[in-house]
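A short write-up of the structure that comes next.
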């Protein structure tokens, strides 16, 4: 296991350096940053002064090294738009997004696991068809539409929940359900097919033959193995979830980092974009590392074979 | 696995409990919503309308516009007189205090303007006051402004400058002021959660009439459908920029109603008479007149905009000083339009490029553009439509002289109710947003801004409008009307200058 973990960590380092290079490149591929920063009537002298001020007169590897060493210390420079450190802006908004995506993930699992297992065990029954219909409907429903429908039903008509905002547990319910509904269908289908496949395995027959209760057969033997592809896919889907968070945050006026990033791109606020890209990428990398570790723990074949 | 699920759920519940919960009662709280947040709490350092609106709540101005009469009246100033053509003397209100307890005096007025006018500070508001050369302190409550030549817009522009504290500018400095406003206004800022919410509390030491609501929350809700849902479910009291097709939903809800007001913004299709983006058919006056005669704007206002527009004869808005009520707008006349096009050498029609803007400023812009293009086609224009989805891109193209032969544009006058505020920026030769160039008009514009005699200025602007109408500088459309959604629990009058003033809101009388 140690060797497996070490190899994963080394791979991680390469990925992180790659990400930092990409984030650094953002500023340079969109054109000359100084022209963007200066007013149109600025003269040549002012241009040269700014060029020097931003360190853009230095060779590109020197510039990258400076960017990377500062980034490690959490210094991405000041937001060009809001006059405050980009790191502070992004960090402030990171927690709400993490809460939201975690809540969305948990909701998705709460929906997908029971339904997926149920559908697998009652294959080709009415329950199975119903679950399939629900999955297709869930997959086909645009997030913003679902969000607005929930608001109209639970906030405007029934007056049970606040329509938008952030602060109490009641603010969590609709956004996390919206995001969960976006992830649940694919997870449910995976659980279903995984359990179906495993229920036909020899060792399940053995477990049944030795007289184990059906409940234990399903939970201890079948489910654990069915989990592996589910966990892997959930890890990969986390990036998707952040994409879904952009829409969810907008609809529910949720003060998260996803909308901050989109706004920063629109405002051409590059320090914020760079900072958000690096931090979000780090989180995704960390989650995938965790997934690899968990999968390795569950299934010894993976850590040995890899 | 079951244990893991239970753990995750438990964590979620704990997180929810740790997060801050609301405090004040809904009864004494007024909630206003904006679609986007300010970049800072230092109004002279921001170009955003939201910054102007927030500025009105925490800061005061020397002069303000009376919402009912639309006239500029004294506020932190008590009077102003022009001693000569280039000197204004302003008397200041006594007994006014900043939120930190320091009294408001002429030192603060001087410090405010010195800071804004200092070119090294690069304040956005500097352009508004570039005609001011300096401020002199006469005594604690009297200041004199020196101007660069006669400056008839002096008093109008006082409504665009918040008074900041000399002590704060000196001791706390620029950085600190970006997030910590210290004003003399009716509310004090308690907390700002960026892009989420501003929490304000009434300034109980306010020198003027005190706001009816003790607490004011300003929420940022980017999605219009959510904003409307919040209004209908009682989560928000006032929203602005309601789309025309949603007015019915709000009015029939029993929870809220809509209020409309003409606003100081004129919508046009600018035509490239000055050929800034190269040779094009609109350099010929007859083609421009044909375009104006082709479109039935009255019908568009009535049927597409639900009546939310006021027809204009030129770019000058009916609410601006200098507007000529005698000048009647173009009426649709397709036969005459075709005849003019033929005379201009286009008997078989003419190709023009139309750069269309996104629906961020004008309501229903796509639908009204459809109608305009349909009308122009009837007269023989072959319009090639090019949609530009991002307003900043369109603005950059316009400034760069790359906006093409015809494009969407509307002008908000920087909230200065004066003909000069559109003529100079949008019609004068060589200005950033102007695609028109006519030395005869430039003469009139300069005349209008070089005298303090309002009667003479009005005469000059009548001439200017006649010229702009006859020469069909642009395709003139309409003055916009704003639509607000207002909760039935409160009383609020929609403002013509697009500056919402929450301190004027009162609970509905039962």
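Protein chains in written order, with my numbering: chain A, 398 to 703; chain B, 465 to 974. Glycine included, C-beta positions come from ideal geometry on N, C-alpha and C.
Coil, strand or helix - residue 486(B) by DSSP: Working through the second chain from its first residue, we reach residue 486(B) at position 22. Residue placement at residue 486(B) is flagged as unreliable, the pLDDT there being 47, under the threshold of 50; the coordinate-derived value follows with that caveat. In the structure shown, residue 486(B) sits in coil (DSSP, three-state: anything other than H, G, I, E or B).
Beta-bridge partners of residue 553(B), as assigned by DSSP: Position 89 of the second chain, counting from 1, holds the residue named residue 553(B). For residue 553(B), which the question treats as bridged, DSSP gives the partners 545(B) and 608(B).
Closer than 9 angstroms to chain A by CB, residue 698(B): Locating residue 698(B) in the second chain gives position 234, where the first residue counts as 1. Taking Cβ atoms only, chain A reaches closer than 9 angstroms to residue 698(B), which makes this a yes.
Neighbourhood of residue 543(A) by C-beta distance below 7 angstroms, restricted to the same chain and skipping five residues each side: What you label residue 543(A) is simply residue 146 of the first chain in a count that begins at 1. A distance below 7 angstroms between beta-carbons, with the five flanking residues on each side excluded, links residue 543(A) to the following residues of its chain, in chain order: 575 and 578.
For residue 713(B) and residue 692(B), believed in contact at Cβ under 8 angstroms, the rounded distance: In the second chain, counting from the first residue as 1, residue 692(B) sits at position 228. In the second chain, counting from the first residue as 1, residue 713(B) sits at position 249. Taking the Cβ atoms as the reference, residue 692(B) lies roughly 7 angstroms from residue 713(B), within the contact range of under 8 angstroms.
Contact with chain A by residue 661(B), beta-carbon distance below 9 angstroms: The count along the second chain starts at 1 and reaches residue 661(B) at position 197. Chain A places a beta carbon closer than 9 angstroms to that of residue 661(B), counting this residue as a contact.
Chain-ordered neighbours of residue 503(B) on chain A, where CB pairs are closer than 7 angstroms: One-based indexing of the second chain puts residue 503(B) at position 39. Ordered by position in chain A, the residues that pass the 7 angstroms Cβ test against residue 503(B) are 478 and 479.
Beta-carbon gap between residue 775(B) and residue 788(B) smaller than 9 angstroms: Here residue 775(B) refers to the residue found at position 311 when the second chain is read from its first residue. Here residue 788(B) refers to the residue found at position 324 when the second chain is read from its first residue. No; because the gap between Cβ atoms is not below 9 angstroms, this pair is not in contact.
Minimum C-alpha distance to residue 680(B) - residue among 697(B), 490(B), 694(B) and 574(B): Residue numbering aside, residue 680(B) sits at position 216 when the second chain is read from its first letter. That would be 490(B), whose Cα lies nearest to the Cα of residue 680(B).
Option nearest residue 848(B) by Cα separation, candidates 818(B), 591(B), 783(B) and 838(B): Translated into positions along the second chain, residue 848(B) becomes position 384. Of 818(B), 591(B), 783(B) and 838(B), the residue nearest in Cα terms is 818(B).
Spatial neighbours of residue 886(B) in its chain, beta-carbon cut-off 8 angstroms, leaving aside the 5 residues before and after: Counting from one through the second chain, the residue named residue 886(B) turns up at place 422. Correct list, in chain order: 730, 779, 780, 781, 784, 875 and 877.
DSSP beta-bridge partners of residue 731(B): The residue labelled residue 731(B) in the question sits at position 267 within the second chain. Looking at the DSSP assignment, residue 731(B) forms a beta bridge with 874(B) and 942(B).
Residues in the stretch 484 to 496 of chain A having any Cβ partner in chain B nearer than 8 angstroms: Answer set for the stretch 484 to 496 of chain A: 486, 489, 490 and 496.
Terminal residues of the beta strand (DSSP E) in which residue 815(B) lies: Numbered from 1 along the second chain, position 351 holds the residue referred to as residue 815(B). Note, residue 815(B): beta strand (DSSP E), 814 to 820.
Paired residues, beta bridge with residue 539(B) - DSSP: To locate residue 539(B), count along the second chain from 1; it is residue 75. Bridge partners of residue 539(B): none, in fact.
Residues bridged to residue 677(B) (per DSSP): As a position in the second chain, residue 677(B) is number 213, starting the count at 1. Bridge partners of residue 677(B): none, in fact.
Cβ pair count under 8 angstroms reaching 3, the stretch 600 to 619 of chain A against the stretch 676 to 683 of chain A: Touching, no.
Amino acids of chain B, ordered along the chain, whose beta-carbon sits closer than 8 angstroms to that of residue 656(A): Mapped onto the first chain, residue 656(A) falls at position 259. Against residue 656(A), the close residues of chain B are 659 and 686, in the order they occur along the chain (beta-carbon pairs closer than 8 angstroms).
Candidates 415(A), 464(A) and 502(A), of which the one nearest residue 424(A) by Cα: Counting from one through the first chain, the residue named residue 424(A) turns up at place 27. Of the residues 415(A), 464(A) and 502(A), the one whose Cα lies closest to the Cα of residue 424(A) is 464(A).
Residue 879(B) and residue 602(B) closer than 9 angstroms at C-beta: By one-based count along the second chain, residue 879(B) stands at place 415. By one-based count along the second chain, residue 602(B) stands at place 138. With a cutoff of 9 angstroms on beta-carbon distance, residue 879(B) and residue 602(B) are scored as not near each other.
Distance between beta carbons of residue 505(B) and residue 706(B), contact taken as under 8 angstroms: Looking up residue 706(B) in the second chain gives position 242. Looking up residue 505(B) in the second chain gives position 41. That pair is no contact at about 27 angstroms.
Residue 683(B) at chain A interface by Cβ criterion, 9 angstroms: As a position in the second chain, residue 683(B) is number 219, starting the count at 1. At least one C-beta of chain A is nearer than 9 angstroms to the C-beta of residue 683(B).
Nearest-angstrom Cα separation, counted from residue 627(B) out to residue 747(B): As a working mapping, residue 747(B) is identified with position 283 in the second chain. As a working mapping, residue 627(B) is identified with position 163 in the second chain. So the two alpha carbons sit approximately 46 angstroms from each other.
Proximal chain B residues relative to residue 647(A), where beta-carbon distance stays under 7 angstroms: Residue 647(A) sits at position 250 when you count from the first residue of the first chain. Result: 686 and 687.
Cross-chain neighbours of residue 549(A) in chain B, by beta carbon under 7 angstroms: For this step, residue 549(A) is matched to residue 152 along the first chain. Within chain B, the residues whose beta carbon sits less than 7 angstroms from that of residue 549(A) are 693, listed in sequence order.
Contact set between residue 545(A) and chain B, taken where Cβ atoms lie within less than 9 angstroms: As a working note, residue 545(A) is residue 148 in the first chain. Result: 687, 689, 690 and 693.
Residue of 501(B), 902(B), 528(B) and 941(B) minimising C-alpha distance to residue 963(B): Taking the first residue of the second chain as position 1, residue 963(B) is located at position 499. The shortest C-alpha separation from residue 963(B) is found at 528(B).
For residue 785(B), the residue or residues it bridges with in DSSP: For the purposes of this step, residue 785(B) is taken as the residue at position 321 of the second chain. DSSP output for residue 785(B) lists 882(B) as bridge partner(s).
Environment of residue 814(B) [buried if 16+ CB atoms lie within 10 Å]: Along the second chain, one-based indexing puts residue 814(B) at 350. The residue is buried, with at least 16 neighbouring Cβ atoms inside 10 Å.
Contacting residues, own chain, Cβ-Cβ under 7 angstroms from residue 686(B) (five flanking each side not counted): Locating residue 686(B) in the second chain gives position 222, where the first residue counts as 1. Excluding sequence neighbours, residue 686(B) sits near 499 and 500.
Residue 485(B) at chain A interface by Cβ criterion, 9 angstroms: By one-based count along the second chain, residue 485(B) stands at place 21. With a pLDDT of only 45 at residue 485(B), under 50, the local geometry of the prediction cannot be trusted, and the value read off the model is given with reservation. It does; some Cβ of chain A falls within 9 angstroms.
Cα-Cα separation, residue 884(B) to residue 913(B): Stepping through the second chain from its first residue, residue 884(B) is reached at position 420. Stepping through the second chain from its first residue, residue 913(B) is reached at position 449. Those two C-alpha atoms are separated by around 7 angstroms.
Chain-order list of residues whose beta-carbon lies under 7 angstroms from that of residue 488(B) (same chain, five-residue window excluded): If you number the second chain from 1, residue 488(B) lands on position 24. If we look at residue 488(B) and ignore the five residues flanking it on each side, its Cβ neighbours are 679.
Cβ shell of residue 649(A) (< 7 angstroms), same chain only, five flanking positions each side left out: Taking the first chain and counting its residues from 1, the one referred to as residue 649(A) is at position 252. Cβ within range, chain order: 544, 561, 571 and 572.
Interface residues of the stretch 715 to 749 of chain B facing chain A [CB-CB below 7 angstroms]: Look at the stretch 715 to 749 of chain B: it has no residue with a C-beta under 7 angstroms from a C-beta of chain A.
Amino acids of chain A, ordered along the chain, whose beta-carbon sits closer than 9 angstroms to that of residue 642(B): As a first step, residue 642(B) must be located in the second chain, where it is residue number 178. 479, 480 and 481, listed in chain order.
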